[in-house]
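The numbering of the sequence shown is our numbering, which starts it at 26 and goes up by one.
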Amino acid sequence: MQGSFLISPAGAALSLSLLLSVSSCQPANKNSNANANANTNASMANSNSSITNANTNSESAESSATVNAREPEKYSATLQFSIETEGGEKAIGIPSLTIQVARNGDDRRVEFKLPDGTPLIYLDHDNHHYVIAPARKQYAELSPEATGVQLHKLLTPGQLVEDLKGLKGVERAGEGPMNGRTAEKYRYSASANTNTQAGEVKAEAYIYVDKETGLPLRSELLAESSGNVKGVKAARVVAEMRDINTSVEASLFELPTGYAAVPPEKVRQQIDALTSAVAAILKAMMNAGTASPTPTSSTSPSQ
């Protein structure tokens, strides 16, 4: 089974603002781990503030619908986030972000791929939080202070569903087939002043929500700015969900046998590598725009 997943429209609408704020981030190394986390923390804070502004601005529009999204109690799926150029091609040199997610009640598992291809797994099990490094056969129990930015929670379907349900100014646009499933279609638009050289950022998105599971099946969002940041004036965000399965094994959420328990400091390098990789992808989104041709006409998300 294949579908697509929504990236938060308000957050994606402010992609260029976030890109600007993370443009000074550098890949982590043994002398810059603290700086990488500090920069990314500041970026997330700026983005959250901007999202609040975007939702406030959209409240002036008539809110005729609430997105009927929900997260199943039990499922697994693959999320893939990608960026396209203004011309519609995949942005050259910008890697897609792929995340394996799974849920079984209160237990959750989120698996990222690090830049070198090795996996890093976050696991919530029996009210304990772990990070697992399969390449090292190690795991560590974590606290918020030990992890810094909790990307594994910011990027979960559950968090994105909550973002969706809180959107103002959503319009219902009917229903129909989407990737072999019956979906409810919604349209959403928002704008916000970034208080940067990007100026005002406007976004339009079409959202397709599966009537059976409540999961967002597809989102295509076009964000445009009134200013110009290193050649970027527009970016298209496409997010996909693949391999949806509503039956998962309980063993998926157990700590692997034969792995050594280590202090969080022993896996901090991998955590910082993930944080910096996400920041680098966002930075690349901005830099790639300098080679993108300026379109002769604006393009709306596919309907």
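For each residue, glycine too, the CB sits at the ideal point set by N, CA and C. Computed from a prediction, not measured in an experiment: that's the story for all the values here.
DSSP, read as helix, strand or coil, puts A275 in helix. D132 and V262 have their C-alpha atoms spaced approximately 29 Å apart. Looking at the DSSP output, N218 sits in a beta bridge with E225. Taking a C-beta distance under 8 Å as the contact criterion, K190 and V273 do not qualify as a contact pair.
Proximity of the region 159-167 to the region 285-299 meets the contact definition, three or more beta-carbon pairs being nearer than 8 Å.
Apart from the 5 residues on each side of it in sequence, H153 sits with its Cβ closer than 7 Å to the Cβ of E166 in its chain, given in chain order.
Under the DSSP assignment, A127 falls in the beta strand (DSSP E) whose first and last residues are L122 to N129. Shown here, K99 sits in a strand according to DSSP, grouped into three states. In this structure V195 does not touch R95 by the C-beta definition: roughly 15 Å separates them, more than the 8 Å allowed. Distance check between F106 and each of A228, E265, A158 and R293 places E265 closest, using alpha-carbon atoms only. Partner residues in the beta bridge of R134, as assigned by DSSP, are A127 and L148. With contacts defined by Cβ atoms closer than 8 Å, K99 and T271 form a contacting pair. Annotated three-state conformation of K291 is helix, per DSSP. Leaving aside the five residues that flank G130 on each side, the residues in its chain whose CB is nearer than 8 Å to its CB run, in chain order, E98 and K99. With a beta-carbon spacing of about 6 Å, A102 and V126 fall inside the 8 Å limit used to define contacts. DSSP places P202 in the uninterrupted beta strand (DSSP E) bounded by E196 to M203.
When the beta-carbon positions are compared, R134 and I146 come within less than 8 Å of each other. For V92, there is no enclosing beta strand (DSSP E), since its DSSP letter is neither H nor E. With contacts defined as CB atoms closer than 8 Å, H150 and E249 fail to qualify as a contacting pair. Taking a 10 Å sphere around the C-beta of A230, we find 16 or more other C-beta atoms and assign the residue as buried.
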